[in-house]
Ligand code: DUC
Ligand code: ZN
Ligand code: ZN
C-alpha cells in the first residue's frame, strides 16, 4: 500500500519546503513533486513534520505508594492524539534485580498494549558487581541510555560512587548517562525540618527542593562525568543556576546535553500554593520555579544550551483510590512529602510548544521540530530511522494543521487523569493526521490505532 501526502509543507530541523511525501508500507519511500500512490491525502495548507519523540515518560510506573495512571495503551493513545509517535520510558531496576530482568518486566508492561514505538532507559538503583558486569550488555538489549537518580533518598537515589562507576562504564562502552540532578541528602533534611515545624501543605514540596540544590547536583554530575570521560544528559532541567552549569561545561567543549520539560515554561512555585489541596496537582520533581527561570529556559532552548524538550509524563489522579482508580495525589493530604510526584503532559507537549514557542515567537518552526523530534532521535540512537522526514526513515509523520484551534481540558483529553495543568488554555495548531510507521493512528478526533501494533526500538550506542 502506497500513500502519498500531497502538497504539504515539509518541515525538518533545517528546512521548510513544499513537496509530496510517498509512504510505502512502513517507510518514507520518496519526497518530490507529482508523486503518485494507491491513496492520496491532500495536505495543502498543512505542515508535514516528523512524529514527536518524547524521551522522558513514566507509564505504568510503581512510585510514591501507587502507580502512574497511564499504561502503555492509554499513554500511547494520548501521545498519538498529541502528535507524538515515539517515546522512551524508564525501566526502574528493583532491588536485587538484574538489568535483563528489569527490562523484561517493562517489556511485559508494553506487550499487547503499545500503539506507538517505544524504547527504554534503564534506571539503576542497585549497582552491585553483577550489574556492573551486565551494564555493557545494555547495548545488546537495545537500551543505550542509563539513568541515575541523585534524589529520592531511601528509594531511587544512588550515591556518588555508584554514579561515577556507571559513568566509567558508559565511557568505555558507549551508552549515555542520564541524571535526575537534585541533592537528595540535603532535600531529605529540609523535608524533615519542614514537617517537624508543622508545614504540611503542597507548597512545601517546592520550598524544600530549592533551585540551588538542583544547580549543585547538576554541576557535580557534570564534573564527575568529565573525570570519567563519559557524555552526560541532564533530564528535566528547571532553573537558571542549573542551566549555567550546563552552559559552562558546553563552553569547555564537554559532551554535556540537557533537556527541559514543557511544563517548566508555564508554571511557577506559586501554582503549588493554590487554594486548599489544589496545589498537589502541580507537585513534581524538580518543582516549578520562578518566572525568571522560565525566561532563562526559553533562552536556553533557543540558543541550544538545551537540546530537547520532553514531558516527564508521570500522571496521577487528583482524586484517586475511587471507582477502580489507583491512589493519587490524595495520599499527600496532611503531608506534602507523600504526594505522588508527577504531572501529565504527553498529549499537550507539541501543541502548547507550537502555540507558545513557535507562534509566540520564542523559536522557529524548524527549532520546534529539532527540539521535539530530531534531537531526541539523534541523542538517543534513533536517527535517521526516527526524527526526520527523509527517504528511508520510518513513516512516523504528523500532518499538522497550523490554523486549527482547541481549548485544552481534562474533559476532552485522552490522558488518564482528572485534571490538566493547562486547563482552559487556547492552542492554535493541532495534529490533523498521525502516522506511525505508515499506520494511521489518529484522523482528526477519530482513533484508528490498534493495541499491540507499537514496537520496541532497538537503539544504537551513543555517538556525538
Ligand atoms: N519526577 C517526577 O515528578 N515524577 C517521576 C520521577 C521524577 O523524577
Ligand atoms: Zn526525575
Ligand atoms: Zn522522570
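Residue numbers (the numbering used here): 214 to 677.
We treat Cβ as the ideally placed atom computed from N, Cα and C, and that holds for glycine.
Discussion item. Pull the bridge partners of residue 474 from the DSSP assignment, please.
Written reply: In the chain shown, residue 474 corresponds to position 261, counting from 1. Per DSSP, 523.
Worksheet entry | Beta-carbon spacing of residue 267, residue 649 below 8 Å | For this step, residue 267 is matched to residue 54 along the chain shown. For this step, residue 649 is matched to residue 436 along the chain shown. For residue 267 and residue 649, no; Cβs fall outside 8 Å.
Worksheet entry | Euclidean distance between Cα positions of residue 251 and residue 215 | As a first step, residue 251 is located in the chain shown; it is residue number 38 there, counting from the start. As a first step, residue 215 is located in the chain shown; it is residue number 2 there, counting from the start. Taking the straight line from one Cα to the other gives about 5 Å.
Fill in: Burial state of residue 566, where buried means 16 or more other Cβ atoms lie within 10 Å
Stepping through the chain shown from its first residue, residue 566 is reached at position 353. Residue 566 is buried by the Cβ-count criterion.
Discussion item. Which runs of the alpha helix (DSSP H) at least 4 residues long sit entirely within the stretch 339-378? Give them in chain order.
Written reply: 342-347 and 351-354
Worksheet item: Is residue 614 near ligand 1, in the sense that its beta carbon is under 7 Å from a heavy atom of that ligand?
Response: Start at 1 with the first residue of the chain shown, and residue 614 comes out as number 401. Answer for residue 614: no, Cβ out of range of ligand 1.
Fill in: Simplified DSSP assignment, three categories, for residue 556
Reading the chain shown from its first residue, position 343 is the one you call residue 556. Strand.
Fill in: Neighbour-count burial assignment, residue 461, 16 or more Cβ in a 10 Å radius
Counting from one through the chain shown, the residue named residue 461 turns up at place 248. It counts as exposed.
Practice prompt. Please write down, chain order preserved, every residue whose beta carbon lies under 7 Å from a heavy atom of ligand 3.
Written response: 269, 271, 303, 393, 448, 449, 525 and 527
Practice prompt. Return the chain-ordered list of same chain residues with a C-beta closer than 8 Å to the C-beta of residue 635, the five sequence neighbours on each side being excluded.
Written response: Reading the chain shown from its first residue, position 422 is the one you call residue 635. These residues qualify, in order along the chain: 479, 561, 565 and 621.
Worksheet item: Taking the alpha-carbon positions, what's the residue 573 to residue 581 distance?
Response: Taking the first residue of the chain shown as 1, we reach residue 573 at position 360. Taking the first residue of the chain shown as 1, we reach residue 581 at position 368. C-alpha separation (whole angstroms): 12 Å.
Worksheet entry | Identity of the residue in 260, 220 and 249 nearest residue 610 by Cα | Residue 610 sits at position 397 when you count from the first residue of the chain shown. Nearest option by C-alpha distance: 260.
Practice prompt. Measure the alpha-carbon distance for residue 424 versus residue 244 and round it to whole angstroms.
Written response: Locating residue 424 in the chain shown gives position 211, where the first residue counts as 1. Locating residue 244 in the chain shown gives position 31, where the first residue counts as 1. Cα-Cα distance, rounded: 46 Å.
Worksheet entry | beta strand (DSSP E) segment containing residue 649, residue limits | For the purposes of this step, residue 649 is taken as the residue at position 436 of the chain shown. Where residue 649 is concerned, the enclosing beta strand (DSSP E) stretches over 639-649.
Worksheet item: What is the rounded straight-line gap between the Cα of residue 276 and the Cα of residue 646?
Response: Translated into positions along the chain shown, residue 276 becomes position 63. Translated into positions along the chain shown, residue 646 becomes position 433. If you take the alpha carbons of residue 276 and residue 646, they lie about 34 Å apart.
Worksheet item: Residues in its own chain within less than 6 Å of residue 665 by CB, not counting five upstream and five downstream?
Response: As a position in the chain shown, residue 665 is number 452, starting the count at 1. Correct list, in chain order: 325.
Item to complete: Please state if the CB of residue 297 and the CB of residue 264 are separated by a distance shorter than 8 Å.
Response: Stepping through the chain shown from its first residue, residue 264 is reached at position 51. Stepping through the chain shown from its first residue, residue 297 is reached at position 84. In contact: residue 264 and residue 297 (Cβ atoms closer than 8 Å).
Worksheet item: When DSSP labels each residue in this structure, what does residue 530 get in the three-state scheme?
Response: Along the chain shown, read from residue 1 onward, the residue named residue 530 stands at position 317. The answer is coil: DSSP assigns residue 530 none of H, G, I, E or B.
Item to complete: Can you say whether residue 533 is buried or exposed, counting buried as having 16 or more other CB atoms within 10 angstroms of its CB?
Response: Locating residue 533 in the chain shown gives position 320, counting from the first residue. It is buried - the Cβ of residue 533 has at least 16 other Cβ atoms within 10 Å.
Worksheet item: residue 670 to residue 269, Cα distance in whole Å?
Response: Indexing the chain shown from 1 puts residue 670 at position 457. Indexing the chain shown from 1 puts residue 269 at position 56. Cα to Cα, residue 670 sits roughly 15 Å from residue 269.
Practice prompt. Evaluate contact between the stretch 492-499 and the stretch 408-419, counting only Cβ atoms and requiring at least three cross-stretch pairs below 8 Å.
Written response: yes
Item to complete: With a threshold of 7 Å, establish whether the CB of residue 498 neighbours any heavy atom of ligand 1.
Response: Here the question's residue 498 lines up with position 285 in the chain shown. Checking the Cβ of residue 498 against ligand 1 gives yes.
Discussion item. According to DSSP, simplified to helix, strand and coil, what is residue 480?
Written reply: The count along the chain shown starts at 1 and reaches residue 480 at position 267. Reduced to three states, the DSSP call for residue 480 is coil.
Worksheet entry | residue 554: CB within 7 Å of a non-hydrogen atom of ligand 1 | In the chain shown, residue 554 corresponds to position 341, counting from 1. The answer is yes for residue 554.
Discussion item. Assuming contact is defined by CB atoms lying nearer than 8 Å, are residue 383 and residue 359 in contact in what I supplied?
Written reply: In the chain shown, the residue the question calls residue 383 occupies position 170. In the chain shown, the residue the question calls residue 359 occupies position 146. Yes, these two residues count as a Cβ contact at 8 Å.
Discussion item. Considering only their Cβ atoms, is the gap separating residue 338 from residue 308 smaller than 8 Å?
Written reply: On the chain shown, position 95 is the one that residue 308 refers to. On the chain shown, position 125 is the one that residue 338 refers to. Cβ atoms of residue 308 and residue 338: closer than 8 Å.
Worksheet item: Assuming residue 241 contacts residue 602 under a Cβ cut-off of 8 Å, what Cβ separation, rounded to an integer in Å, is found between them?
Response: The sequence position of residue 241 within the chain shown is 28, counting from 1. The sequence position of residue 602 within the chain shown is 389, counting from 1. Rounded, the Cβ-Cβ distance is 7 Å, consistent with contact.
Worksheet entry | Selected residue, minimal CA-CA separation from residue 695, among 239, 651 and 548 | The structure shown has nothing for residue 695, since the chain only spans 214 to 677.
Worksheet item: Per DSSP, residue 501 is paired with what?
Response: Your numbering for residue 501 matches position 288 in the chain shown. According to DSSP, which records beta bridges pairwise, residue 501 is partnered with nothing at all.
Worksheet item: Which whole-angstrom value is the C-beta distance of residue 628 and residue 539, which I expect to be below 8 Å?
Response: Sequence index remark: in the chain shown, residue 628 carries index 415 (1-based). Sequence index remark: in the chain shown, residue 539 carries index 326 (1-based). Not confirmed; about 14 Å, so no contact.
Item to complete: Determine the contact status of residue 219 and residue 254, defining contact as a CB-CB distance below 8 Å.
Response: Counting from one through the chain shown, the residue named residue 219 turns up at place 6. Counting from one through the chain shown, the residue named residue 254 turns up at place 41. For residue 219 and residue 254, yes; Cβs fall inside 8 Å.
Discussion item. Can you give me the C-alpha to C-alpha distance between residue 523 and residue 281, rounded to a whole angstrom?
Written reply: Walking along the chain shown from the start, residue 523 turns up at place 310. Walking along the chain shown from the start, residue 281 turns up at place 68. In a straight line, the C-alpha of residue 523 is about 17 Å away from that of residue 281.
Worksheet item: Quick one, are the C-beta atoms of residue 327 and residue 558 less than 8 Å apart?
Response: By one-based count along the chain shown, residue 327 stands at place 114. By one-based count along the chain shown, residue 558 stands at place 345. Not closer than 8 Å, so no.
Worksheet item: Which residues bound the beta strand (DSSP E) around residue 615?
Response: The residue you call residue 615 lines up with position 402 of the chain shown. Unbroken beta strand (DSSP E) run through residue 615: 610-620.
Worksheet item: Whose C-alpha, out of 398, 349, 405 and 404, is nearest the C-alpha of residue 379?
Response: Position 166 of the chain shown, counted from the first residue, corresponds to residue 379. Nearest C-alpha to residue 379: 349.
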